[in-house]
Amino acid sequence: MEAGVSGGEGEKAEFEPSEITYVSYGGEHHLPLIMSLVDQELSEPYSIFTYRYFVYLWPQLSFLAFHKEKCVGTVVCKMGEHRSTFRGYIAMLVVIKPYRGRGIATELVSRPIRVMQESGCDEVTLEAEVTNKGALALYGRLGFIRAKRLFRYYLNGVDAFRLKLLFPQPHIHHTLLQAAQEAPTQRSSSDTTKESH
Amino acid sequence: MAAAATAAEVSIPLGSGDNSMWADVSLLLEDACSGLRDGELIHGDNFDLYAAMSALEIMDPKMDSGMIGKYFSVDEAIECGAAPIPISFDKTVDVQCSIDIMDHLLACEATWHRGHSLAQTVFSCIYILRPERTTRHALLHSYCRTTRATCKAVISVVSDARTHEEEDLFTMTYGLNLNGEDEKCLSILNAVEETISRKLRACRTSSSGIKSLEDIEPLQNNPALEDGYCRAILERLRFRKHFYHILMCLKRPHGRGMQLARKHIASCIVELKAISRPLRQQTIIKDRITSPGCQPIGFDSSLNTRLSASTPPRSINILSWNETIEYFLKLLQDLDIISSCSLDNSLEGILSFIVQFQKCQPDLVARAHLQCLLLQDRKLFGRDTIFSVIAKAAGLSEVAKNNEIENLECIVQLGQLVMNLLRILCTNSAWQRRKLGKILQDWRVIYMQLELAIRNKLGEDCVHTNENIYINSLKQILLWVEEQAYWIASRFLTLGFELELYSSNEYGMVYWYIYVVSVKLAEKMHHRMTINNRVKCRGKKKKVSGNDVPRDFQFPPAVLFLQSHICLAEGLAMMLAALKNEKTALEGRTPFNTDQERFSQLFELLQKAGFPDHISYQSFEGSTRNVTFSTLAMYNHFKDAQRIAKEVKSSFSGERERLSELRMIEQVAEHNSIAMTLLCRVGGSLDPSLNLSFEFSHHPHFATAVVRRSL
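Residue numbers (our numbering), protein chains in the order written: chain A, 1 to 197; chain B, 1 to 711.
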């Protein structure tokens, strides 16, 4: 989906990084904040059902960034089985223009990635326009590679990259692996909705 | 929820004239609305949150396709006068409007080629949708009929070729009818062309004072504009004619129409350039056609919205006039390159041709034509069986070709792989790269099957001369398969640069892998060439002169060509490794994973297929862990690359692409050699006022190290 993290010419807000608080999605009261931020900054129009799909099923994967009382950024994600992997997906990442370039997006997106890693995801993925230098640099610094180029992915004819972050697989001694295979394993996810990307 | 009010049955007249019964459910909906509070959502077995994302808001113009558009149907649009015939009773206006329509249609056609739906582009023209209406307007009728026939021909070629994803949109006709269009359109076009030519001649003779013998009605009313308008129309008609001829020529089997196609392409370009010049004596600016609020008569892109998806397609921008001309010019130039492809090429030559052609980033229509030219009826150029192509590429002797190898299961499958490879190489590079990575496993499987076939044959007790030839032929093919697989792996890796898939902190790993794969490719190529020469000599009764057979210690030029690339790749891999090793442990660390994960992602498909085998992140680490600028000072790979490239040039005189490539290699090697010397001198740590970056200024996938003053 989309990331609005680069650009931001114009008036810049003055603040210390310590003044930014990061909050996990807490309920319906956060939904209008997320919706207005995304509507304002990203070009794809989403219906309210799209937001609900993400925040209801994976509330632990959405975060908001506040400066004092003002919501200045948000990230919305999901995770689930995809073919034979357990995969996280970053759907939306937005920081309002006056607050860009100060590391807020990196802080915001690192949180759900950590949750995904702890929940047993093998990898995290998202799409970004090939022209979105800011997003590509941000995710590059976090260890994502450009796994594929998608020809004319966006309706305006722009190509996209599918970005993927592969988590390190723990090196398991072969005897432990055998023992693990004999016992049933459980993934810690709230939902395993299947769909294709 | 309150009990539903009974719905009253109403019969609502519809333009489409179908027999559905409509019921008024307003009261039902009102009850439903009051039954749900803010924030509540219906939930059911077949309507979960995921399904809810596809919900449509009724009567929202962004989602409800019935809401947009002035007219309910094409017929309604016609009834309201959206596409009058004649366009105007003033002949001058009629001619001008006809030209506008023709030009806008061309822009729509280019927009369709570029990836938008036929429904929103060419078929947004009412005159195109209802060709029977234009029979009384000879000019529009002939132009529209030829355009329809052209679209049909193009769809046919693209359908035959391999397309996928976004490109599949191209061939969707949404039930819009292109039937009945064929070469007859040309005779209609020729008749109109003849008529207008006469009008032009008449106008010229009368302006020079000569009274013409025939009484020819002028095209339009203003004698001062007659010459200009006649020529403008003739240019457009001729463009259409030649374009259609090009498509017909390229369709001819066995590449028989290629020479004639080139002639038509040349004429087509002449007409296109004439069309692109603004009409003299006119004050009309060409971009007026696509400027907002200035739509030419007879176009409505919302007419077909109900034919496409349930959500209305986003409005698209038709290409501007300049973009349209540019598009068709490029298409014609690309078709010309295709038409110049030699039919006598070896497989290696053809692969080289396709790779070179793809460098100019041809669009779908050109690529589809190349694919259909190369593979017709599962034969190369519709003429050579795939087995004969493979046999020639693997260097099998004539005797060997007559053996029953051709019917072996694994050889038949190998033929499939080769055809598949040719098709894949003609697709857009993004999709192409993914597919090349995937097919490597198929090539691995074929390799193993061939090995098995050889082992089985060797295991048999009696080994006659014939069986010897059989086994040796299989061995030659096996060698060729391995070489081909490394060629595919190499293309997979280098395409990543063209597609900008690698970020600069991955270049070190990528060049190392390219180095490893290229070494294998050169090895297999050299081995094949050596064996082929021995086979050739054995077959010849006469003694061969010393010049034909390269002495064993001399490498063939093709191998040396590769060697220059190998030196360059190794040089870059080592330079980048040294730079990385100079950094502190914390620099360049990523929070969630390490280089090992990125390595396994980047090269997953190559490792799965085992080309080459036993290569892992540990191999990479082992080769690069101890590289420093002091160790690199002892051996300059770049100087070697430069020297080899220079020396091998003489073997490729007359081969433009090879020479151009070698020149680029030399330049990259030279610049990198200088940068390397500098870095070795300062031990890898540059002055803070200097900045080192890697740029593709001299070669599309070998980077040049650039040192600049920091800003």
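Where a beta carbon is used, it is the ideal one built from N, C-alpha and C, also for glycine.
What does B:Pro591 touch in chain A if you count any residue whose Cβ is under 8 Å from its own?
By one-based count along the second sequence, residue 591 of chain B stands at place 591. What B:Pro591 touches in chain A: Ser110, Leu142, Gly143.
Alpha carbon to alpha carbon, how far is B:Arg148 from B:Ile289? Give it in angstroms, no decimals.
Counting from one through the second sequence, the residue named residue 289 of chain B turns up at place 289. Counting from one through the second sequence, the residue named residue 148 of chain B turns up at place 148. With a pLDDT of 44 at B:Ile289, under the threshold of 50, the modelled position of that residue is not reliable, and the figure given next carries that caveat. B:Ile289 and B:Arg148: Cα-Cα distance of roughly 21 Å.
Could you work out which residue in B:Tyr127, B:Gln476, B:Arg433 is closest to B:Gly298 when comparing CA atoms only?
Here the question's residue 298 of chain B lines up with position 298 in the second sequence. Among B:Tyr127, B:Gln476, B:Arg433, the Cα nearest to that of B:Gly298 belongs to B:Tyr127.
Residues of chain B with CB under 7 Å from A:Asp122, in chain order?
Residue numbering aside, residue 122 of chain A sits at position 122 when the first sequence is read from its first letter. What A:Asp122 touches in chain B: nothing, since even the nearest Cβ is about 10 Å away.
Considering Cα atoms alone, identify which of B:Thr584, B:Val535, B:Phe561, B:Ser616 is closest to B:Ile644.
By 1-based counting over the second sequence, the position of residue 644 of chain B is 644. It is B:Phe561.
Based on the DSSP output, what are the partners of B:Lys639 in its beta bridges?
Numbered from 1 along the second sequence, position 639 holds the residue referred to as residue 639 of chain B. Beta-bridge pairing links B:Lys639 to no other residue.
Taking buried to mean at least 16 other C-beta atoms within 10 Å of its own C-beta, is B:Glu271 buried or exposed?
Taking the second sequence and counting its residues from 1, the one referred to as residue 271 of chain B is at position 271. Burial call: buried.
Going by other Cβ atoms of all chains shown within 10 Å of its Cβ, with 16 needed for buried, is B:Trp22 buried or exposed?
In the second sequence, the residue the question calls residue 22 of chain B occupies position 22. By the neighbour-count rule (16 or more Cβ atoms within 10 Å), B:Trp22 is not buried but exposed.
For the candidate residues B:Asn636, B:Arg656, B:Glu695, B:Leu711, whose alpha-carbon lies nearest to that of B:Leu678?
For the purposes of this step, residue 678 of chain B is taken as the residue at position 678 of the second sequence. Closest by alpha carbon: B:Asn636.
Does B:Asn672 pass the burial test, meaning 16 or more other C-beta atoms within 10 Å, or should it be called exposed?
Within the second sequence, the letter at position 672 stands for residue 672 of chain B. So B:Asn672 counts as buried.
List the residues of chain B that A:Ile113 touches, going by C-beta distances under 9 Å, in chain order.
What you label residue 113 of chain A is simply residue 113 of the first sequence in a count that begins at 1. The answer, in chain order, is Pro591, Phe592.
Where does B:Leu176 fall in DSSP's three states?
For this step, residue 176 of chain B is matched to residue 176 along the second sequence. The answer is coil: DSSP assigns B:Leu176 none of H, G, I, E or B.
Checking contacts by CB at 8 Å: is B:Tyr470 closer than that to chain A?
The residue labelled residue 470 of chain B in the question sits at position 470 within the second sequence. False, the Cβ-Cβ gap to chain A never drops below 8 Å.
Which of helix, strand or coil does DSSP assign to B:Gln281?
In the second sequence, the residue the question calls residue 281 of chain B occupies position 281. Here the model assigns B:Gln281 a pLDDT of 42, short of 50, so the residue's position is not dependable, and the following value carries that caveat. In the structure shown, B:Gln281 sits in coil (DSSP, three-state: anything other than H, G, I, E or B).
Rounded to whole angstroms, what is the Cα-Cα separation between B:Thr171 and B:Tyr447?
Residue mapping note: residue 171 of chain B aligns to position 171 of the second sequence, counting from 1. Residue mapping note: residue 447 of chain B aligns to position 447 of the second sequence, counting from 1. One C-alpha to the other measures close to 37 Å.
Please check the pair B:Thr173 and B:Leu118, which I expect to be a contact at CB under 8 Å, by giving their CB distance rounded to whole angstroms.
Walking along the second sequence from the start, residue 173 of chain B turns up at place 173. Walking along the second sequence from the start, residue 118 of chain B turns up at place 118. The Cβ separation is near 6 Å, so the contact holds.
State yes or no: is the beta carbon of B:Ile597 nearer than 8 Å to at least one beta carbon in chain A?
On the second sequence, residue 597 of chain B is found 597 positions in, with the first residue counted as 1. Checking the sequence shown, residue 597 of chain B turns out to be Glu, not Ile. It does; some Cβ of chain A falls within 8 Å.
How close, in whole Å, do the beta carbons of B:Ile338 and B:His369 come, if the pair is a contact with beta carbons under 8 Å?
Counting from one through the second sequence, the residue named residue 338 of chain B turns up at place 338. Counting from one through the second sequence, the residue named residue 369 of chain B turns up at place 369. Yes, they are in contact, since the Cβ atoms of B:Ile338 and B:His369 sit about 6 Å apart, within 8 Å.
So, helix, strand or coil for A:Ala160, using DSSP?
Numbered from 1 along the first sequence, position 160 holds the residue referred to as residue 160 of chain A. Of the three classes helix, strand and coil, the one that applies to A:Ala160 here is strand, per DSSP.
Three or more beta-carbon pairs under 8 Å between the stretch 514-532 of chain B and the stretch 479-496 of chain B, yes or no?
Judged by Cβ distances under 8 Å, the stretch 514-532 of chain B makes contact with the stretch 479-496 of chain B, as three or more pairs qualify.
Should B:Met575 be labelled buried (16 or more other beta-carbon atoms within 10 Å of its own) or exposed?
On the second sequence, position 575 is the one that residue 575 of chain B refers to. Buried, because 16 or more other Cβ atoms sit within 10 Å of the Cβ of B:Met575.
I'd like to know whether the C-beta atoms of A:Leu165 and A:Leu136 end up nearer to each other than 8 Å.
Stepping through the first sequence from its first residue, residue 165 of chain A is reached at position 165. Stepping through the first sequence from its first residue, residue 136 of chain A is reached at position 136. Cβ distance not < 8 Å, so A:Leu165 and A:Leu136 don't count as in contact.
Give the straight-line distance between the Cα atoms of B:Leu364 and B:Ala489, rounded to the nearest whole angstrom.
Residue mapping note: residue 364 of chain B aligns to position 364 of the second sequence, counting from 1. Residue mapping note: residue 489 of chain B aligns to position 489 of the second sequence, counting from 1. Cα-Cα distance, rounded: 24 Å.
Between the beta-carbon of B:Leu41 and the beta-carbon of A:Arg52, is there less than 8 Å?
Here the question's residue 41 of chain B lines up with position 41 in the second sequence. Here the question's residue 52 of chain A lines up with position 52 in the first sequence. Contact: yes.
Counting only beta-carbon separations shorter than 8 Å, does B:Ser503 have a partner in chain E?
Considering every chain present, this structure includes no chain E. Its protein chains are A and B.
Which residue comes first and which comes last in the alpha helix (DSSP H) that contains B:Asp740?
Lying outside 1 to 711, the shown extent of chain B, residue 740 of chain B is not represented and no answer is given.
Taking just the CA atoms, how far does B:His565 sit from B:Ala522?
As a first step, residue 522 of chain B must be located in the second sequence, where it is residue number 522. As a first step, residue 565 of chain B must be located in the second sequence, where it is residue number 565. In a straight line, the C-alpha of B:Ala522 is about 10 Å away from that of B:His565.
Against chain B, with Cβ distances strictly below 8 Å, would A:Ser196 count as a contact?
Mapped onto the first sequence, residue 196 of chain A falls at position 196. Because the pLDDT at A:Ser196 is just 38, under 50, the model does not fix this residue reliably, and the value given afterwards should be weighed accordingly. By this cut-off, A:Ser196 is not an interface position.
If I measure Cβ to Cβ from B:Cys144 and keep anything under 7 Å in the same chain, skipping five residues before and after, which residues do I get?
Along the second sequence, read from residue 1 onward, the residue named residue 144 of chain B stands at position 144. These residues qualify, in order along the chain: Tyr127, Ile128, Pro131, Thr134.
Closer than 9 Å between beta carbons: that is the criterion. Which residues of the stretch 38-49 of chain B meet it against chain A?
Result list: Gly39, Leu41, Asp48, Leu49.
Round the Cβ separation of B:Leu332 and B:Cys268 to the nearest angstrom and send it over; I've been treating them as touching at under 8 Å.
Counted from its first residue, the second sequence places residue 332 of chain B at position 332. Counted from its first residue, the second sequence places residue 268 of chain B at position 268. Correct: roughly 6 Å between the Cβ atoms.
Applying the criterion that 16 or more other CB atoms from any shown protein chain within 10 Å of the CB defines a buried residue, is B:Asp287 buried or exposed?
Along the second sequence, read from residue 1 onward, the residue named residue 287 of chain B stands at position 287. Bear in mind that a pLDDT of 42 at B:Asp287, under 50, signals an unreliable position, so the model cannot answer this.
At the level of alpha carbons, what is the spacing between B:Met102 and B:Thr195?
Position 102 of the second sequence, counted from the first residue, corresponds to residue 102 of chain B. Position 195 of the second sequence, counted from the first residue, corresponds to residue 195 of chain B. Taking the straight line from one Cα to the other gives about 18 Å.
How about A:Gly73 and A:Val124: are their beta carbons less than 8 Å apart?
For the purposes of this step, residue 73 of chain A is taken as the residue at position 73 of the first sequence. For the purposes of this step, residue 124 of chain A is taken as the residue at position 124 of the first sequence. Cβ distance not < 8 Å, so A:Gly73 and A:Val124 don't count as in contact.
Can you tell me where the beta strand (DSSP E) with B:Asp334 in it begins and where it stops?
In the second sequence, the residue the question calls residue 334 of chain B occupies position 334. Segment 321-339 is the alpha helix (DSSP H) holding B:Asp334; no beta strand (DSSP E) there.
Can you pull the chain A neighbours of B:Cys499, defined as C-beta to C-beta under 7 Å?
Numbered from 1 along the second sequence, position 499 holds the residue referred to as residue 499 of chain B. Here residue 499 of chain B is Leu; the residue named in the question, Cys, does not match the sequence. In chain order: Arg149.
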